[in-house]
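Chains as they are written, first to last, in our numbering: chain A, 3 to 387; chain B, 3 to 387; chain C, 1128 to 1289; chain D, 1128 to 1289.
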Amino acid sequence: MDPDPIYLDNSATTPLAGEVIASMEPYFSDEYGNASSLHRFGRRAHAAIEEARASLAETIGVEPSEIVFTSGATEADNLAIKGLAFAHPEKRHIVTSRIEHHAVLHACRWLEERGYEVTYLDVDRAGRVEPEAVKEAIRDDTLLVSIMAGNNEIGTIEPIGEIGEICKERGVPFHTDAGQAYGKVDIPAGSVDLLSVSAHKLNGPKGVGFLYVRKGIRLSPLLSGGGHERGLRSGTENVPGIVGLAAAARLAFSERETVVPRLRGFRERLIEGVMRIPGVRLNGDRKESLPHIVNFSFAGIEGESLVMRLDERGIAASTGSACSSPNLEPSHVLVAIRVPLSMAHGSLRISTGRQTTEEEVDRFLEVIPSVVEELRAISPFKVEG
Amino acid sequence: MDPDPIYLDNSATTPLAGEVIASMEPYFSDEYGNASSLHRFGRRAHAAIEEARASLAETIGVEPSEIVFTSGATEADNLAIKGLAFAHPEKRHIVTSRIEHHAVLHACRWLEERGYEVTYLDVDRAGRVEPEAVKEAIRDDTLLVSIMAGNNEIGTIEPIGEIGEICKERGVPFHTDAGQAYGKVDIPAGSVDLLSVSAHKLNGPKGVGFLYVRKGIRLSPLLSGGGHERGLRSGTENVPGIVGLAAAARLAFSERETVVPRLRGFRERLIEGVMRIPGVRLNGDRKESLPHIVNFSFAGIEGESLVMRLDERGIAASTGSACSSPNLEPSHVLVAIRVPLSMAHGSLRISTGRQTTEEEVDRFLEVIPSVVEELRAISPFKVEG
Amino acid sequence: MMYTEKVIEHFRNPRNMGKLEGYSAVGKVGNIVCGDVMWLYIKVEEDAEGREVISDISWETFGCTAAIATSSMVSELAKGKTLPEAIAITNQDVASELGGLPPVKMHCSALAADALNEAIYEYLKGHGREIPPVLKRRHERLEAEMKKLEERYRAFLEEAGS
Amino acid sequence: MMYTEKVIEHFRNPRNMGKLEGYSAVGKVGNIVCGDVMWLYIKVEEDAEGREVISDISWETFGCTAAIATSSMVSELAKGKTLPEAIAITNQDVASELGGLPPVKMHCSALAADALNEAIYEYLKGHGREIPPVLKRRHERLEAEMKKLEERYRAFLEEAGS
Ligand SMILES: Cc1ncc(COP(=O)(O)O)c(C=O)c1O
Ligand SMILES: Cc1ncc(COP(=O)(O)O)c(C=O)c1O
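This is how it looks when you write it as C-alpha cells:
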C-alpha cells in the first residue's frame, strides 16, 4: 500500500479543516451547554449558534432568521420537499429533474407513493435542465420545483437563476440542493426560496447542514418536539457541529478566490491527461461545471474494480457503476445524460478539494493509464489503441 | 461571578467525556471517509460504524441490524411514531401519556392534526403510568403505544416491562423514549419494539442518537435518500458522532455500578438538604426515580428567577416554570402530576452527572437557602418559616 | 433568550424592593396563573410647591428575571415624580430604560407600568378624587383581563385534574 | 461492503488471466447490462490414465472486484480436474474458497461457476458428445436468463433515451 494515500473523493466527503476543528473544540467539554438553557452555559451556546446563523446567512445574502439548521443536506432536502407538502396538502404536483441527488429523488418518490404526481425533467447530454421545460411542466397544483445547483456526479451547473425567475413568475416555490455548489460557485439565493447545504462537503463536520427558508414560505416540521429552530426542526442543537459548519463556510468563502481557480486548473489538467487514454469519454460539461468534480468513462472496464485498483495504488476515487450501488443499477445521472450502458459501468469520478496538491493530481495521471491497461488486459472487451 | 461554575443540569445536556473526545478525534481529519465509499477511507469509516453499532446493540441485548442511527432522540422519537404511522396508514390511534417529552407529544399532535386520535394517559401524583390504563386504552386500530422509560423533568421511572407485556399480548408495537434512562437504569429491551436514545445526555456528542427497531417492525423513513441505515434513515453517516455515541455508551455501562449509586447518594443528600427549607415540595417519586434527576418546588418564588439567581452564584440548573418556556405555560409534566400552579411556577430541576462531585452538591445546598430567602423577601407571597 | 446587561444588573441589585411602611396606596397586578404577580406600594406627599409627588415607592414581585428588573426600573422611574408625570410612564419607557427585553418578555414591562397605574388609581380613589380618563380606561382593561385570566385559570386547573 | 482478504488478494494478483492459446472451448456468460461479463477458456486433454482433464484454463472478465476474484478462484479450482470433477464445482465452492462474499455480490460467484459449466458444455457439444442432464439444465437456465436480461436491456436503454 501507498504510505500516503491521495484523496480524490471530495464530493463524497472532505477532511475537517484545522480551523474548523479548532472552532469546534471549545464546545465539546467547556462550553457544552444546551442552547435552550437559561444559565451561562446555555446562554453561551445560544450565542454561538446565533453567531453561526448570522455568518451563514451572510454568505448567501439572506436574513439569519431564514436559516434552519439540520443534520445535513439529506434532511434539508426532505424538510424542503416533504415539509412543503405537509403544509400545503392541496398542491399535489412536483417538478424536478432526472439527475437530482437521491435525497431529492427519493423524497419525491416517497410522495409519489402517497398519491403525488412528479414530473422528472429530462436533461441534455451535458446534464443541463432546460428552463423552458420547467416553465412547461408547472401546473396550477404544482407544490414545488426542485432543481439542484450543481450535480454531485458529473459537476454540471444548472441555470438556477433562470429557473428561479420562472418559478417567481408562476408563484411556485423553488428549492435548490446546493450540497455541492455552496462555497464553490455563486448561487443566486435571491432567485430561490429553499436551499440545502451540508457541512461535510465543505471541510466541515458530518451530521450538520442547513436549509435556507425564505420568509413567507410555510413548512411543516419533519421533526416535531421542543420547538427549536422556530418550530421547524426540533432537537437539541448540535452546537459544535453548527459552529464548525459556520467556520467551514467562512473558510470556503474567504478562500474562494484562490481555491476555486486552483481546482479549475486541476480539472483541466485531469481532463487533458485522462483524455489521452484511448476509449475515454468525459461525462458532463467541460465548461459549465463545478470546479471540483470531473467524471470519465473508460470503455471495456468496470468502475468498481477500477476504484479498487486505484485504491490498491493509494488513490481514493469513486464510480457510478452498477456494481458499486446497492441496487446494482448504474448511476441514474449517467443514464439520464445517455451514457451508453457499457460506458456507464466504467465511470470514474475524481473530485478535488482545498487540500489537493498538484503533485497528487499528477500522481493520479501517472497511475491511471497503467491501471486502465491492466484491467483492459483481463477484459473480454478490447479497446482500439 | 463564581470562577468555577457548578453544572447541575445534566438532563439538559452533558459535557463530552475525555474518552469520548479521544474516540472521535481520529475521524475528523485522518479517517474522514464517507462510509459508503469503496476505497480504504470509506472501508475504515464503515468498519468504525459497524463496530459502534455492534457495541450499542450489545448494551441492550439486541442485534446490530436493529440499531438505526439518527441525529438524536427527537429524530428517533419522530421516526418511531411518524415512521410507523406512514407505514401503517390504516391504524389511526395512538396511546401515550401526558408526561412524555415534547418530541413524542408533538409528534403525536402532528398526527392528530392529520386526523389521528391520540389517547393521552393520565399519571398518578408521582408521575407513573398505570399499566392497566394502557390495556384499557388499546383499540383494534391502535398503531402504537409510546411511554417513556424515565421522565426528564421529575425522574420518575415508568413500568416499561409491564406495559411491554400488555402490548405484546395485544400485538401493538411499543415505543419507549429512553433519552434519560439509557445507561442509568435497566431497560427491559426485550419488552419494547422501538427505543430512542440521544448521545449528548450521556457525555456523548450532540446531534447523534439511535432508534432501536425490533426486527419485523416496519417503518417508513422520514429522511429519504441514499438508502443508508437499511433505507430507514438516509444521509451521510456522522462517523465521529456515531463513534462518540458508542464510546459514551461503553463508558456509561462500564461505570454504571460505581456512578449510579453515587448519583443516587447525591439525590438523597439533595432531597434531605433541600427539604429542610420551608415551603418546599419534592416533585416525582422519591424511590422510583432515575438516579440523576430531582425536582423541587419552592412556594412563593418563580423558577426562572431562581435559576438566574443560582446562575449568578455559579450554579447551573433548570426549571419548568412558565416564564422559562416559549409558550409561557408551566411544565406539562408538573401540571400532569397535579402540582398546584403556584408551585409549578417555582420548580427547580437539579440533575447530576458522572463529573459531579460531593463538594458541588454541598456547595449547592449551602447556596440554595439564601437564594430562596432573597427571592421570597421580594415576593408578595409569604411562606411560613 | 438574552437579557441585556441592564436587566441583569437590576435583577442582581433590585432597587426599592420590599413592603413600604406607611404607604398611601398599593397597586396589585398579575396573576399566579401566568406566573407574574407584582404589588407596587407608593407613598404620596406634597412637595414644597404643593404638588402631589411619589415621595417613596417599593414593590414585591413574584416573577421572572424580567419581572423583577422591570419592577426595580419602574420604581426608579416613578420615584419623586408628580402624579401626572408618573401616570405618563409607559411600559415602553420601562423596557427602553432597561435596554430592551426579549420579545417573549415584553409583557413583564407592561405589568410594571400597570402596577404603577393601579397604585395611583387606588390612591386617587381612596381619597375620593377624580380619576383621569386614561387611568380609568387602563383600570377597566386590567379588571377585564384579570377576569379572563381567572376563567382560563379554572379551565387550566380542571385540565390539570386538581 | 467488505471484501475478505482472500478476495482482495485474488483481485490484486489474479491467476490464469487472459486469453488461452489453442483452447478447446470457451464459456461466455454475463451481460453488459448488469455489468459483469466473463469468458472462460479451457483446454481439455487426456491424462496418463486416459481421463479427460482441464489441463489449462484462463479467463477474461469485465466486472467488479468480486467478479475478477471469482474468475481467478474458479480457474484455480478447475485446473487439473477431470470433467466430472469440474462439473461438480458449485458457486458455493467458489465463494467459500474466497472466505465468503458480501451478500450483494453472491451473483458474481454464480457467474464464475456458470462460465465453467458453459465451457464444458461447449466442449462436449463441439465434440458431439453426450451432455450430462445437470449440465444441460444449467445451460438452458442460462439461456433463458440471458433472454430475459436482453429484454430488460432494451427497456433500460429505451428508458435511458438512447
Ligand atoms: C448534491 C447533494 N445533495 C445532497 C447530499 C446529501 O448530503 P448528506 O449526505 O450530507 O445528507 C449530497 C451528498 O451526499 C449531495 O452531493
Ligand atoms: C426523555 C427525552 N426524550 C427526548 C429528548 C430529545 O433529545 P434530543 O434533543 O437530543 O433530540 C430528550 C432531551 O431533550 C429527553 O430528555
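Where is the CB? At the ideal position from N, CA and C, for every residue including glycine. Predicted model only: the values in this text are computed from it and were never measured.
Euclidean distance between Cα positions of B/V70 and A/M26: 26 angstroms
is_contact[C/S1198, chain B] using C-beta, thresh 9 angstroms: yes
Where the region 1134-1151 of chain C meets chain B: residues whose CB sits under 7 angstroms from a CB there: F1138, R1139, P1141, M1144, G1145
Contact check, C/T1209 vs C/R1178, beta carbons under 9 angstroms: yes
Proximity test, Cβ basis, 9 angstroms: D/T1131 and chain A: no
Assigned exposure category for D/G1226 - 16 Cβ within 10 Å defines buried: exposed
CA nearest to the CA of A/P382, picked from D/Q1219, D/E1187, D/E1132: D/E1187
Those residues which DSSP pairs with A/L213 across a bridge: A/V70, A/S198
Interface flag, D/E1187 vs chain A, CB-CB below 9 angstroms: yes
Beta-carbon gap between B/E290 and C/C1191 smaller than 9 angstroms: no
Contact set between the region 150-174 of chain A and chain D, restricted to residues whose Cβ is under 9 angstroms from the partner: none
Where the region 173-202 of chain B meets chain A: residues whose CB sits under 8 angstroms from a CB there: S200, H202
Contact list for A/K208 against chain B, beta-carbon separation under 8 angstroms: T238, E239, N240, V241, P242, G243
B/P280 to B/H347 span [Cα, whole Å]: 17 angstroms
Among A/N285, A/G237, A/K186, nearest to A/F300 - alpha-carbon criterion: A/N285
Span of the alpha helix (DSSP H) around C/F1138: 1132-1139
Which of helix, strand or coil DSSP assigns to D/E1267: helix
Same chain, Cβ closer than 7 angstroms to A/D11, five either side skipped, listed in chain order: A318, A319, S320, S353
Three or more C-beta pairs below 8 angstroms linking the region 161-176 of chain B and the region 120-135 of chain B: yes
Where the beta strand (DSSP E) containing B/V437 begins and where it ends: What is shown of chain B runs 3 to 387, which leaves residue 437 of chain B out entirely.
Start and end residues, alpha helix (DSSP H) containing A/V337: 334-338
Three-state secondary structure (DSSP) of A/S226: coil
Reduced DSSP category for D/T1209 - H, G, I as helix; E, B as strand; rest coil: strand
Alpha-carbon to alpha-carbon, B/M150 and B/H95: 18 angstroms
As assigned by DSSP and simplified to three states, the class of A/H95: strand
Residue of A/N297, A/D142, A/V337 minimising C-alpha distance to A/E171: A/D142
Of the residues C/P1259, C/D1241, C/P1260, C/Y1248, the one placed nearest C/M1272, counting alpha carbons only: Per the sequence shown, residue 1272 of chain C should be read as Glu rather than Met. Of the candidates C/P1259, C/D1241, C/P1260, C/Y1248, the one whose C-alpha sits nearest the C-alpha of C/E1272 is C/D1241.
Through-space distance from D/E1267 to D/K1275, alpha-carbon basis: 13 angstroms
Contact test: B/E160 Cβ vs ligand 2 heavy atom, cutoff 8 angstroms: no
Local Cβ density within 10 Å of B/K186, reported as buried at 16 or more and exposed below that: buried
Ligand 1 heavy atom lying under 8 angstroms from the CB of B/T238: yes
B/M310: CB within 8 angstroms of a non-hydrogen atom of ligand 2: no
Near-chain A residues of the region 42-66 of chain B - C-beta to any C-beta below 9 angstroms: R42, F43, G44, R45, A47
Counted within 10 angstroms of its Cβ, other Cβ atoms place B/K203 as buried (16 or more) or exposed: buried
Contact set between D/I1195 and chain F, taken where Cβ atoms lie within less than 8 angstroms: Absent here is chain F; the protein component of the structure consists of chains A, B, C and D.
Anticipated Cβ contact below 8 angstroms, A/G227 with B/H294, distance rounded: With 8 angstroms as the limit, A/G227 and B/H294 do not qualify as a contact, their Cβ atoms being about 21 angstroms apart.
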